Every structure is written in C-alpha cells, then in structure tokens.
Amino acid sequence: MSARLIAQLVVSLGTVVGRAFFAAYKQAAANAAAGGGAAARGGAKEGAIDALTRKTGMSIEEACQILNVSKEAELEKILKNYEHLFNVNETAKGGSFYIQSKVVRAKERIEMERAEEAKQAAKNEQPQQSENNNHSSPPPSS
35 MSARLIAQLV VSLGTVVGRA FFAAYKQAAA NAAAGGGAAA RGGAKEGAID
85 ALTRKTGMSI EEACQILNVS KEAELEKILK NYEHLFNVNE TAKGGSFYIQ
135 SKVVRAKERI EMERAEEAKQ AAKNEQPQQS ENNNHSSPPP SS
C-alpha cells in the first residue's frame with residue numbers, strides 16, 4: 035500500500051510541475067511576442083539603444099546616475115566624474131571594487147550611447163547628401 039501511495043504522490047507532483055512549467059512557458063512566449071517587436075515599434079534608434087541596454091546590463095539613466103551627470107553632459111564632465119569616482123573607490127585606498135566596476139561600466143555605457151548616436155546621425159546625413167546631389171540643377175546650356 036505504501037508503494038502505491040508513493041507512486042500516486044510522484045505522479046501528482048509530476049503533473050503539477052508539468053502544468054506549472056507549461057503555464058510559465060506559455061506566458062514567456064506571450065511576453066516575447068508582445069515585446070519582440072520593440073525595435074519595429076519604436077524605430078531603429080530605440081531598438082539599437084535597447085540592444086545596448088541588454089548588452090551592458092545598464093540603462094543610460096542608470097549610467098548617468100552612477101556618474102552623477104545628465105545625458106547631455108559634456109565629455110570632459112563625464113571623464114572628470116569618472117576619474118574621481120574611480121580613484122575614490124580604489125581597493126588599495128579601502129574603496130569598493132564593486133562600485134569601481136560599476137563606475138567603469140557606466141562610463142562604457144555612456145560612450146556606447148554616444149557612439150550609437152553619432153552612427154545614427156551619420157546614417158541620416160548620407161541620404162540627405164545623396165538627395166541634394168540628385169536634385170541639383172543641370173548646368174546652363176550655352
């Protein structure tokens with residue numbers, strides 16, 4: 035009788051775990067379908083920025099908070115704050131290696147953001163230049 039009870043318990047647990055796994059998978063698939071088109075909905079810029087956030091694990095807002103700068107801050111201000119926070123958190127001076135690594139990642143994230151914005155600006159200028167070349171007036175005939 036005890037073997038039968040144990041077998042029923044194992045089967046019941048397997049059924050419950052299986053159903054929970056299936057429900058979790060179904061929800062994950064629905065979330066992926068809903069959020070998967072973020073780049074298409076928000077445009078290429080937001081898709082690239084979201085990719086940067088996923089790649090670095092840090093949003094641009096978080097990076098700005100860590101370095102105590104605004105998004106539009108000058109590069110000199112960012113570097114000044116970076117160097118100060120990096121030096122203050124030296125492990126040899128009793129600082130935190132974790133905070134020091136967060137400071138480095140924040141600087142990298144802001145640099146990646148600026149590089150992506152420059153790349154997008156260059157890409158947007160290219161079609162405008164080619165349109166200007168195509169619509170130039172023909173030379174006057176003599």
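The opening residue of the sequence shown carries number 35 in the numbering used here; numbering runs sequentially from there.
By construction, the Cβ of each residue, glycine as well, lies at the ideal position given by its N, Cα and C atoms.
For clarity, every value in this text was computed on a predicted model and none was experimentally measured.
Review point. What does a CB cutoff of less than 8 Å around E178 pick up in its chain, not counting 5 residues either side in sequence?
Key: Missing from the structure shown is residue 178; the chain here goes from 35 to 176 and no further.
Practice item. Mark I40 as exposed unless 16 or more other C-beta atoms lie within 10 angstroms of its C-beta, in which case mark it buried. Key: exposed
**Study point:** Through-space distance from A140 to M92, alpha-carbon basis
**Key:** Looking at the backbone, the Cα of M92 and that of A140 are separated by about 7 Å.
Point to revise | Segment limits, alpha helix (DSSP H) that includes E108 | key: Per DSSP, E108 belongs to no alpha helix (DSSP H) and is neither H nor E.
Practice item. Excluding the 5 residues preceding and the 5 following V137 in the sequence, name in chain order all residues of the same chain whose CB lies nearer than 8 Å to its CB. Key: I100, L101, Y116, L119, F120 and N123
Exercise for review: With a cut-off of 8 Å on the beta carbons, I'd call L86 and E147 a contact; round off their distance for me.
Suggested key: 6 Å
Practice item. Tell me where the alpha helix (DSSP H) around A97 begins and ends. Key: I94 to L101
Point to revise | For M35, three-class secondary structure by DSSP | key: coil
Exercise for review: Taking 8 Å as the cut-off, decide whether the C-beta atoms of R143 and I112 are in contact.
Suggested key: In this structure, I112 does not lie closer than 8 Å to R143 by Cβ.
Exercise for review: Whole angstroms is fine: what's the gap from G48's alpha carbon to K60's?
Suggested key: 18 Å
Exercise for review: Could you check the C-alpha separation between K127 and A107 for me, to the nearest Å?
Suggested key: 29 Å
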